[in-house]
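K.L.:
Residue numbers (this note's numbering): 229 to 330. Just so it is clear, CB atoms sit at the ideal spot from N, CA and C, and this is done for glycine as well. Could you have a look at this structure, given as structure tokens, before my questions?
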């Protein structure tokens with residue numbers, strides 16, 4: 229008789245669940261970059277909603293990421309940058325996510 233053993237492999241998922249409120253290309257790229265930047269964050273689960281990116285007063289683009297846990301709003305990360313520098317907003321939001329999961 230051959231015994232087969234199945235081993236379950238646990239894949240550690242990020243503590244950050246990312247939602248988007250916009251379907252335009254810039255918002256979707258930002259959200260995907262944010263998912264990548266937070267992939268290795270573990271700790272207390274957190275929801276992050278990426279609002280549709282809009283023109284910022286004075287030029288550039290405004291990014292808004294709202295963090296919540298169990299329906300309670302915890303923090304909103306806002307950042308205004310030119311499109312070429314929007315990755316800096318991703319990093320700032322990811323830093324906030326890391327702080328909030330600890």
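Tell me which residue opens and which closes the beta strand (DSSP E) that residue 305 is part of.
P.N.:
Looking at the DSSP string, the run of the beta strand (DSSP E) that includes residue 305 is 300-309.
K.L.:
In the DSSP output, what is residue 295 paired with across the bridge?
P.N.:
Answer is 276 and 303, bridged to residue 295.
K.L.:
Rounded to whole angstroms, what is the Cα-Cα separation between residue 239 and residue 270?
P.N.:
Low confidence applies to residue 239: its pLDDT is 47, below 50, so where it sits in the model is not reliable, and the reading given next is rough at best. If I take the Cα positions, the gap works out to 12 Å.
K.L.:
With a 10 Å radius around its C-beta and 16 neighbouring C-beta atoms as the bar for buried, classify residue 289 as buried or exposed.
P.N.:
That one is buried.
K.L.:
Classify residue 244 as helix, strand or coil using the three-state DSSP reduction.
P.N.:
It is a strand residue.
K.L.:
Buried or exposed for residue 264, going by 16 or more other Cβ atoms inside 10 Å?
P.N.:
So residue 264 counts as exposed.
K.L.:
Could you work out which residue in 241, 281 and 275 is closest to residue 250 when comparing CA atoms only?
P.N.:
Cα-wise, what sits closest to residue 250 is 281.
K.L.:
Out of 302, 297, 319 and 309, which one is the CA nearest neighbour of residue 243?
P.N.:
Of the listed residues, the one whose Cα sits closest to residue 243 is 297.
K.L.:
By Cβ distance below 6 Å, which residues in the same chain neighbour residue 230 in space, the five residues on each side in sequence not counted?
P.N.:
Summary for residue 230: the model assigns pLDDT 43, below 50, so the residue's position carries little reliability; its value from the coordinates is reported in the next sentence. If we look at residue 230 and ignore the five residues flanking it on each side, it has no Cβ neighbours.
K.L.:
Taking residue 256 as part of the alpha helix (DSSP H), name the residues at either end of that continuous run.
P.N.:
Run containing residue 256: 253-266, per the alpha helix (DSSP H) assignment.
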